[in-house]
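Counting in our numbering, the sequence shown runs without a single skipped number right up to 232 at its last residue. We treat Cβ as the ideally placed atom computed from N, Cα and C, and that holds for glycine.
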Amino acid sequence: MREEEVTAVADRAAKTELYEAFATTGKALSNGKRLELLDLLAQGERTVEALARTAGLNLTTASAHLQTLKQAGLVATRRDGVRIHYRLAGDDVAALFAQLRQVAARHQAAVAPASAAYLGADPADDSLTREELHALVAAGRAVVLDVRPAEEYAAGHIPGALSIPVEELADRIGELPADTEVVVYCRGAYCALSHDALRLLHARGRRAVRLDDGMLEWRLAELPVEAA
Numbered sequence: 005m006r007e008e009e010v011t012a013v014a015d016r017a018a019k020t021e022l023y024e025a026f027a028t029t030g031k032a033l034s035n036g037k038r039l040e041l042l043d044l045l046a047q048g049e050r051t052v053e054a055l056a057r058t059a060g061l062n063l064t065t066a067s068a069h070l071q072t073l074k075q076a077g078l079v080a081t082r083r084d085g086v087r088i089h090y091r092l093a094g095d096d097v098a099a100l101f102a103q104l105r106q107v108a109a110r111h112q113a114a115v116a117p118a119s120a121a122y123l124g125a126d127p128a129d130d131s132l133t134r135e136e137l138h139a140l141v142a143a144g145r146a147v148v149l150d151v152r153p154a155e156e157y158a159a160g161h162i163p164g165a166l167s168i169p170v171e172e173l174a175d176r177i178g179e180l181p182a183d184t185e186v187v188v189y190c191r192g193a194y195c196a197l198s199h200d201a202l203r204l205l206h207a208r209g210r211r212a213v214r215l216d217d218g219m220l221e222w223r224l225a226e227l228p229v230e231a232a
């Protein structure tokens with residue numbers, strides 16, 4: 005084999021190896037439960053046990069999915085005694101996850117009906133943008149309500165937001181100011197918690213709207229975040 009042919013073969017092998025390295029990330033993302041775990045980790049660091057419980061997985065399955073994500077470099081770990089804590093490897097991983105969802109929503113017909121079946125339908129005027137939220141809060145016309153689990157609120161929340169997890173809202177609705185509109189938010193654009201909270205508030209006769217995205221998008225926009 006001539007020298008230039010040897011070089012061409014070597015170049016082709018190196019290019020194949022490069023694209024296989026790219027594909028490792030794609031393979032790690034090619035599972036719905038692994039995407040759900042990334043969604044949860046975008047809210048903050050979690051133990052394996054907490055992730056398994058929230059994602060509806062047993063420990064063995066959750067650990068296997070997390071190891072796949074770790075091998076792809078998408079998550080990192082730290083040990084605290086016998087517990088392993090997972091976190092996203094960087095903000096770029098959260099951005100990749102958000103971009104994947106956006107591309108899927110634009111180009112995959114199955115996303116819209118699946119989203120509607122999961123989230124349910126809200127009236128068109130019952131959501132607002134981050135810019136509209138800023139205006140309402142600045143004018144003192146709204147209280148912001150975080151309906152995620154308490155540990156997610158503690159890891160980071162919209163400044164000034166109240167924390168009432170959605171499963172506690174029915175019993176604690178009296179803690180919300182009676183004469184102020186409630187703006188509800190949760191994990192992100194496809195988080196059902198805020199939809200459930202909005203329907204509950206409306207059923208109780210409260211004025212409420214839903215932020216049309218959530219904490220994932222808030223962080224990616226580099227807006228201020230408070231931690232408990």
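Neighbourhood of residue i by C-beta distance below 6 Å, restricted to the same chain and skipping five residues each side
i           : result
residue 190 : 151, 152, 197, 198 and 218
residue 49  : 89 and 91
residue 140 : 146
Contact set for residue i: own chain, Cβ-Cβ below 8 Å, skip 5 residues either direction
i           : result
residue 40  : 59
residue 160 : 47, 48, 219, 223, 229, 230 and 231
residue 93  : 77, 78, 79 and 80
residue 69  : 35, 37, 38, 41 and 61
Inter-residue spacing [alpha-carbon to alpha-carbon] between residue i and residue j
i           : j           : result
residue 53  : residue 44  : 13 Å
residue 100 : residue 146 : 32 Å
residue 207 : residue 124 : 15 Å
residue 226 : residue 177 : 30 Å
residue 83  : residue 144 : 43 Å
residue 203 : residue 115 : 22 Å
residue 119 : residue 106 : 12 Å
residue 95  : residue 6   : 47 Å
residue 193 : residue 180 : 24 Å
residue 97  : residue 23  : 19 Å
residue 155 : residue 111 : 34 Å
residue 56  : residue 148 : 29 Å
residue 29  : residue 15  : 22 Å
residue 142 : residue 71  : 44 Å
Buried or exposed (CB count within 10 angstroms, at least 16 for buried), residue i
i           : result
residue 205 : buried
residue 165 : buried
residue 63  : exposed
residue 86  : exposed
residue 66  : buried
residue 20  : exposed
residue 17  : exposed
residue 108 : exposed
Cβ neighbours of residue i in the same chain (closer than 7 Å, five flanking residues each side left out)
i           : result
residue 157 : 150, 167 and 232
residue 130 : 202, 213 and 214
Q) Fully enclosed by the segment 126 to 150, which alpha helix (DSSP H) runs are 4 residues long or longer? A) 134 to 142
Q) Unbroken alpha helix (DSSP H) runs of length 4 or more, entirely within the segment 61 to 99: which are they? A) 63 to 75
Q | Cβ contact (3+ pairs, closer than 8 Å) linking the segment 205 to 217 and the segment 180 to 189 | A | yes
Q) Is it a yes or a no for the segment 134 to 141 touching the segment 165 to 180, going by three-plus beta-carbon pairs under 8 Å? A) no
Q | Every unbroken beta strand (DSSP E) inside the segment 144 to 229 [3 residues or more] | A | 146 to 150, 185 to 189 and 212 to 215
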